[in-house]
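Engineer: Pasting a structure below so you can have a look.
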Amino acid sequence: DGGITQSPKYLFRKEGQNVTLSCEQNLNHDAMYWYRQDPGQGLRLIYYSQIVNDFQKGDIAEGYSVSREKKESFPLTVTSAQKNPTAFYLCASRRDRVNNEQFFGPGTRLTVL
Amino acid sequence: AQSVTQLDSQVPVFEEAPVELRCNYSSSVSVYLFWYVQYPNQGLQLLLKYLSGSTLVKGINGFEAEFNKSQTSFHLRKPSVHISDTAEYFCAVSYLDDYKLSFGAGTTVTVRA
Numbered sequence: 006d007g008g009i010t011q012s013p014k015y016l017f018r019k020e021g022q023n024v025t026l027s028c029e030q031n032l033n034h035d036a037m038y039w040y041r042q043d044p045g046q047g048l049r050l051i052y053y054s055q056i057v058n059d060f061q062k063g064d065i066a067e068g069y070s071v072s073r074e075k076k077e078s079f080p081l082t083v084t085s086a087q088k089n090p091t092a093f094y095l096c097a098s099r100r101d102r103v104n105n106e107q108f109f110g111p112g113t114r115l116t117v118l
Numbered sequence: 062a063q064s065v066t067q068l069d070s071q072v073p074v075f076e077e078a079p080v081e082l083r084c085n086y087s088s089s090v091s092v093y094l095f096w097y098v099q100y101p102n103q104g105l106q107l108l109l110k111y112l113s114g115s116t117l118v119k120g121i122n123g124f125e126a127e128f129n130k131s132q133t134s135f136h137l138r139k140p141s142v143h144i145s146d147t148a149e150y151f152c153a154v155s156y157l158d159d160y161k162l163s164f165g166a167g168t169t170v171t172v173r174a
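These protein sequence lines are chains B and U, in that order.
So that you can map any letter, position 93 of the first sequence is 98 in our numbering, and since no number is skipped, the others follow by simple counting.
So that you can map any letter, position 26 of the second sequence is 87 in our numbering, and since no number is skipped, the others follow by simple counting.
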């Protein structure tokens with residue numbers, strides 16, 4: 006079955022540590038996205054990538070970094086510079102420009118202790 | 062920048078009653094419109110989308126939405142809800158040929174017996 010996988014589902018981190026969230030898709034989609042979700046605020050875009058080896062900052066990129074070395078993979082690193090990292094993180098991919106629908110993974114809940 | 066307003070943050074409703082979730086967006090140019098549903102601790106699932114054509118869009122699980130260009134609205138409706146419709150619902154908008162989606166803050170629907 007095609008889809009998007011995110012791991013781990015739950016992640017705990019101590020303050021001052023970097024942590025990397027995994028996102029893999031086998032849908033053969035070019036574009037991939039990372040969102041952060043906080044209660045009552047909807048989804049906010051962190052980074053997106055339209056093609057391999059290229060990515061752009063979204064609305065809240067500070068304290069985060071990404072890479073796009075393979076079409077299937079778009080990992081997100083939450084660095085120690087992110088002041089309030091506890092949140093639900095969602096990865097998504099988009100099929101093409103004609104059909105603008107985004108497909109979402111199951112999410113990773115990050116808690117900073 | 063796109064702005065999406067979901068006018069109700071919480072909507073309690075009795076089982077088998079109708080429900081309407083309101084969504085307004087800011088742009089006056091051509092846009093794509095989406096409604097997604099999120100069950101607790103899961104990713105987002107597409108309910109329906111408007112790309113072009115008929116202004117009444119039918120989606121999964123008995124939901125439908127109507128695009129109103131003059132009022133820049135895309136309200137979601139279901140004539141008879143079930144307990145299983147308890148979830149959070151997000152309206153999203155994008156410009157044509159834009160890779161990004163802008164999300165509303167979400168509406169939590171709670172269906173009671």
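Where a beta carbon is used, it is the ideal one built from N, C-alpha and C, also for glycine.
This structure is a prediction, so every number in the text was calculated from the model and none was measured.
Could I get the ranges of all uninterrupted beta strand (DSSP E) runs contained in the region 10–34 of chain B, with 3 residues as the minimum, in chain order?
Structural biologist: 15–18 and 24–30
Engineer: Counting only C-beta atoms, is Tyr53 of chain B closer than 8 Å to chain U at any point?
Structural biologist: Numbered from 1 along the first sequence, position 48 holds the residue referred to as residue 53 of chain B. Taking Cβ atoms only, chain U reaches closer than 8 Å to Tyr53 of chain B, which makes this a yes.
Engineer: Using the beta-carbon of each residue, which ones in chain B are nearer than 8 Å to Asp158 of chain U?
Structural biologist: In the second sequence, residue 158 of chain U corresponds to position 97, counting from 1. What Asp158 of chain U touches in chain B: Arg102.
Engineer: For Lys139 of chain U, count neighbouring Cβ atoms within 10 angstroms of its own Cβ and tell me buried if that reaches 16, exposed if not.
Structural biologist: Position 78 of the second sequence, counted from the start, is the residue given in the question as residue 139 of chain U. Lys139 of chain U should be labelled buried.
Engineer: Leaving aside the five residues before and after Asp43 of chain B along the sequence, list all residues of the same chain whose C-beta is less than 6 Å from its C-beta, in chain order.
Structural biologist: Indexing the first sequence from 1 puts residue 43 of chain B at position 38. Excluding the 5 residues flanking it on each side, Asp43 of chain B has same chain C-beta neighbours closer than 6 Å at Ala92, in chain order.
Engineer: Just checking my contact of Val24 of chain B with Tyr52 of chain B at CB under 8 Å: how many whole Å lie between their CB atoms?
Structural biologist: Counting from one through the first sequence, the residue named residue 24 of chain B turns up at place 19. Counting from one through the first sequence, the residue named residue 52 of chain B turns up at place 47. That belief does not hold up - the Cβ atoms of Val24 of chain B and Tyr52 of chain B are roughly 15 Å apart, past 8 Å.
Engineer: Report yes or no: is there a C-beta of chain U within less than 8 Å of the C-beta of Pro80 of chain B?
Structural biologist: Numbered from its first residue, the first sequence carries residue 80 of chain B at position 75. With 8 Å as the cut-off, Pro80 of chain B does not count as an interface residue toward chain U.
Engineer: Report the option in B:Asn105, B:Ser85 and B:Ile56 whose CA atom is closest to the CA atom of Glu74 of chain B.
Structural biologist: As a working note, residue 74 of chain B is residue 69 in the first sequence. Measuring from the Cα of Glu74 of chain B, the nearest candidate turns out to be B:Ile56.
Engineer: Residues of chain U with CB closer than 9 Å to the CB of Ala36 of chain B, please, in chain order.
Structural biologist: As a position in the first sequence, residue 36 of chain B is number 31, starting the count at 1. Here the neighbours are Tyr160.
Engineer: With a Cβ-Cβ cutoff of 8 Å, do Gly21 of chain B and Ser85 of chain B count as a contact?
Structural biologist: Position 16 of the first sequence, counted from the first residue, corresponds to residue 21 of chain B. Position 80 of the first sequence, counted from the first residue, corresponds to residue 85 of chain B. Between Gly21 of chain B and Ser85 of chain B, the CB-CB gap stays under 8 Å.
Engineer: Would DSSP call Asp59 of chain B helix, strand or coil?
Structural biologist: Working through the first sequence from its first residue, we reach residue 59 of chain B at position 54. Three-state DSSP puts Asp59 of chain B in a strand.
Engineer: Relative to the C-alpha of Ala126 of chain U, which residue among U:Asp158, U:Val80, U:Ser155 and U:Tyr160 is closest?
Structural biologist: Start at 1 with the first residue of the second sequence, and residue 126 of chain U comes out as number 65. Ranking U:Asp158, U:Val80, U:Ser155 and U:Tyr160 by Cα distance to Ala126 of chain U puts U:Val80 first.
Engineer: Can you give me the start and stop residues for the beta strand (DSSP E) that Leu95 of chain B sits inside?
Structural biologist: Looking up residue 95 of chain B in the first sequence gives position 90. Counting along the chain, the beta strand (DSSP E) containing Leu95 of chain B begins and ends at Ala92 to Arg99.
Engineer: Given a cut-off of 8 Å, decide if Leu95 of chain B and Glu105 of chain U are closer than it, judged by their beta-carbon atoms.
Structural biologist: As a working note, residue 105 of chain U is residue 44 in the second sequence. As a working note, residue 95 of chain B is residue 90 in the first sequence. It should be pointed out that residue 105 of chain U corresponds to Leu in this sequence rather than to Glu. A contact, by the Cβ cut-off of 8 Å.
Engineer: Determine the burial state of Ala124 of chain U: buried for a count of at least 16 other Cβ atoms within 10 Å of its Cβ, exposed for fewer.
Structural biologist: The residue given as residue 124 of chain U occupies position 63 in the second sequence. Going by the sequence as given, residue 124 of chain U is Phe instead of Ala. The residue is buried, with at least 16 neighbouring Cβ atoms inside 10 Å.
Engineer: Closest Cβ-Cβ distance between Pro13 of chain B and chain U: below 8 Å?
Structural biologist: Looking up residue 13 of chain B in the first sequence gives position 8. So, not an interface residue.
Engineer: Chain U partners of Gly47 of chain B, CB-CB under 7 Å?
Structural biologist: Numbered from 1 along the first sequence, position 42 holds the residue referred to as residue 47 of chain B. Listed along chain U, the residues sitting closer than 7 Å to Gly47 of chain B by beta-carbon distance are Phe151, Phe164, Gly165, Ala166 and Gly167.
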